[in-house]
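Under mature numbering (1 follows the signal peptide of the UniProt record, and there is no 0), residues -20 to -1, 1 to 433 are what the sequence shown spells out, in order. Backbone N, C-alpha and C define an ideal beta-carbon position, used for all residues, glycine too.
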Amino acid sequence: MRLRLSLVAIVLCLSHVSSAVAIPRHESSPDDQAHPRQAYGKIAPKVMIINMFYDESKIWHDSLPVLGKGSLLEKNITLGGLHPLHPHVHCTASGAVCQATLGEAEINAAASMAALVLGADAQAVFDYGRTYFLVSGIAGVNPKLGTLGSVALARFAVQAALQYELDARDMPENFSTGYLAYGTDAPGRPPTSFYGTEVMEVNEALRDAAFSLARGGSGSGSGSGGGSDYVGLADDDNAASYRAKYELATGPQGTHHANVYAAATAPPSVLRCDSVTSDNYYSGPLLSEAFENTTQAWTGQAAVTYCMTAQEDSAVLQVLLRAHLARRADFGRAIVMRAGSNFDRPPPSMTPFEHLRLLGQNGYQLALNNTWNAGSRIVAGILSDWDGVYGPGIPPANYVGDVFGSLGGTPTFGPGSVFGGRGAAADGSTYVGGAEGGAGKRALIGGGSGGGG
Ligand SMILES: *[C@@H]1O[C@H](CO)[C@@H](O)[C@H](O)[C@H]1NC(C)=O
Ligand SMILES: *[C@@H]1O[C@H](CO)[C@@H](O)[C@H](O)[C@H]1NC(C)=O
Ligand SMILES: *[C@@H]1O[C@H](CO)[C@@H](O)[C@H](O)[C@H]1NC(C)=O
Ligand SMILES: *[C@@H]1O[C@H](CO)[C@@H](O)[C@H](O)[C@H]1NC(C)=O
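Quick look at the structure:
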């Protein structure tokens, strides 16, 4: 209930003459749905699958007919501004399920998403008022939390490399990494100066419902972690032989040699843990642990929750947040799903370089397959429970949005709401200060922002 578009923003938007539909808000009760009038003639997808490159899309193109809801190649819609290699949005004949390929890394993801949800062509063709955006991609996986073929549903996406960086050979002797957050003088601290995209938090109740669906459950009722409904993911002997190399890992002295990488040695499963976004395709134990620490420090979680590393999720979510503010999409309907295709750090017997470039980890096809195995259950669940659950929407109980409180409410991380808890008004009038200091990038954030942090 904390995702509250400020009334100010709504009132201001009313002065716009716009063909856009009203976006249903999470605080509206089911009978308050007077507005999900699908704009006449527009395609109103129930699910938009978001992939980053061809193979990630191909598994959906090849497999979707299995669900009996049609093929994604029945409608190809050209939108200006999409990636040059992927200029079409693909949809089933009914338009209930669509798919777009963004291109890889942060710039492609943000540019293509902006064309997909905010572009003039998209506005003429699509009504995203009740659309679920399902990020379906492969990723690097943290062997402390998952393994090759594991599928994770994230609550947080953290733009972990958005920091100062010193080459490790140039850093002070007592630093554990060359990365330090903006405004700080030591690694491992949360930033005191923000760009806004550092942490994005999605609707946890929806995440939990998607988790339940992906495990083969009904998805209704949020996130029972119970195991009775569990349906396994695909596994593969070649991936199993690589993950077995992690069996030799031991914990720090005195921990009875507990294997810190025990999760890496188990068969793949569906997980709830978080996603790191970095343009830099980093690899190895030190960078991975540094960004594990970054994720923990920036989100304020008690435990390590970083399990997947990719190059797009923060960008996709930031554009959905902008689209929400522009009343073109509902940020509360974003689902971030990643499957591990490779480990972010080597097993103990191998150097980081051997692990990254010389030895095949054999997780690629398995991860692609499991985006389908888990993702198709999510899509099927959304379609089959549309009238009762997913059409009206699952209201978030957690804070939802960015580090600035742009959608309303106060984040539990970052500088606190810079909009006084009211969210960003269309004309900027609710900004109370604190997002950008007057003294350049080293300025401390927080004065007058009314938030903790
Ligand atoms: C859509 O594009 C795909 C290739 O990406 C093609 O195979 C398919 O026939 C096209 N569908 C239509 C209806 O033109
Ligand atoms: C490193 O050492 C310097 C000088 O003693 C000290 O001021 C600083 O706090 C230390 N930094 C860390 C990260 O331990
Ligand atoms: C991660 O944090 C732990 C605990 O503060 C610290 O011991 C470790 O050196 C950090 N790792 C890196 C690579 O910064
Ligand atoms: C992926 O799925 C295809 C089609 O079902 C199957 O032929 C292939 O063996 C699977 N590969 C892995 C590694 O799971």
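**OP:** Please name the residue or residues paired with Val308 in a DSSP beta bridge.
**Re:** In the sequence on display, residue 308 carries Arg and not Val. Answer is none; Arg308 lacks a bridge partner.
Original post:
So which residues put a beta carbon under 6 Å from any heavy atom of ligand 4, going in chain order?
Top reply: Ala214, Asp216, Gln345, Leu346 and Asn349
Original post:
Straight-line CA distance for Leu65 to Ile57?
Top reply: 14 Å
**OP:** Mind checking which residues open and close the alpha helix (DSSP H) that includes Asn88?
**Re:** Ala85 to Leu98
Original post:
What separation, rounded to the nearest whole angstrom, lies between the Cα atoms of Pro332 and Thr157?
Top reply: 16 Å
Subject >> Between the CA atoms of Trp352 and Arg5 - distance to the nearest angstrom >> reply: Here the model assigns Arg5 a pLDDT of 46, short of 50, so the residue's position is not dependable, and the following value carries that caveat. Their Cα atoms are separated by approximately 30 Å.
Original post:
What residue from Ala185, Arg223 and Ser43 has the CA that sits closest to Asn342's CA?
Top reply: Arg223
Original post:
To which residues does DSSP link Arg318 through a beta bridge?
Top reply: Gly117 and Ala132
**OP:** Using beta-carbon positions only, say whether Thr177 and Ser294 come within less than 8 Å of one another.
**Re:** yes
Subject >> Exposure label - Ser409; buried when at least 16 CB within 10 Å >> reply: exposed
Subject >> DSSP-derived helix/strand/coil call for Thr392 >> reply: coil
**OP:** Output the boundary residues of the alpha helix (DSSP H) element that contains Lys55.
**Re:** Not the alpha helix (DSSP H): Lys55 falls in the beta strand (DSSP E), residues Lys55 to Thr58.
Subject >> ligand 3 site residues, beta-carbon cut 6 Å against heavy atoms >> reply: Ser156, Thr157, Pro167, Gly168, Leu266, Glu269, Ala270 and Asn273
**OP:** Compute the minimum distance between the beta carbon of Glu36 and the heavy atoms of ligand 1, and state whether it is under 7 Å.
**Re:** no
**OP:** Measure the alpha-carbon distance for Val250 versus Ala134 and round it to whole angstroms.
**Re:** 11 Å
Original post:
Should Pro171 be listed as close to ligand 2, given that the test is whether its C-beta is under 7 Å from any heavy atom?
Top reply: no
Original post:
Going along the chain, which residues put their C-beta within less than 7 Å of some heavy atom in ligand 1?
Top reply: Leu53, Glu54, Lys55, Asn56, His68 and His70
Original post:
In this structure, does DSSP put Gly414 in helix, strand or coil?
Top reply: coil
Subject >> Which residues DSSP lists as bridging Arg252, in chain order >> reply: Leu133
**OP:** Name the one or two DSSP bridge partners that Met28 has.
**Re:** Cys78 and Phe113
Original post:
Are Asp77 and Pro25 touching if we call contact CB-CB under 8 Å?
Top reply: Note on identity: in this sequence residue 77 is Val, with Asp being the wrong assignment. A contact, by the Cβ cut-off of 8 Å.
Original post:
Cα-Cα, which of Gly355, Leu339 and Leu297 is closest to Phe191?
Top reply: Gly355
Original post:
Between which two residues does the alpha helix (DSSP H) containing His41 stretch?
Top reply: Tyr34 to Ser43
Original post:
Can you name the start and end residues of the alpha helix (DSSP H) that Glu227 belongs to?
Top reply: Element bounds for Glu227: n/a, residue is neither H nor E.
**OP:** Answer yes or no: do Lys55 and His70 have a C-beta to C-beta separation smaller than 8 Å?
**Re:** yes
**OP:** Check whether the Cβ of Asn154 sits closer than 7 Å to any heavy atom of ligand 2, and report yes or no.
**Re:** yes
**OP:** Note the first and the last residue of the continuous alpha helix (DSSP H) segment covering Thr245.
**Re:** Ala242 to Thr245
Original post:
Could one say the Cβ of Ala246 lies closer than 8 Å to chain D's Cβ atoms, at least one of them?
Top reply: No chain D is present in this structure, which holds just one protein chain.
Original post:
In terms of DSSP beta bridges, what is His68 paired with?
Top reply: Thr58
Original post:
Hey, is the stretch 325 to 339 in contact with the stretch 138 to 149, meaning 3+ C-beta pairs nearer than 8 Å?
Top reply: no
Subject >> For Phe323, the residue or residues it bridges with in DSSP >> reply: Val121
Original post:
How many Å lie between Asn122 and Ala415 at the Cα?
Top reply: 32 Å
Subject >> Contact under 8 Å by Cβ, Asp310 with Gly109 >> reply: yes
Subject >> the stretch 297 to 310 in contact with the stretch 82 to 94 per 3-pair CB rule at 8 Å >> reply: yes
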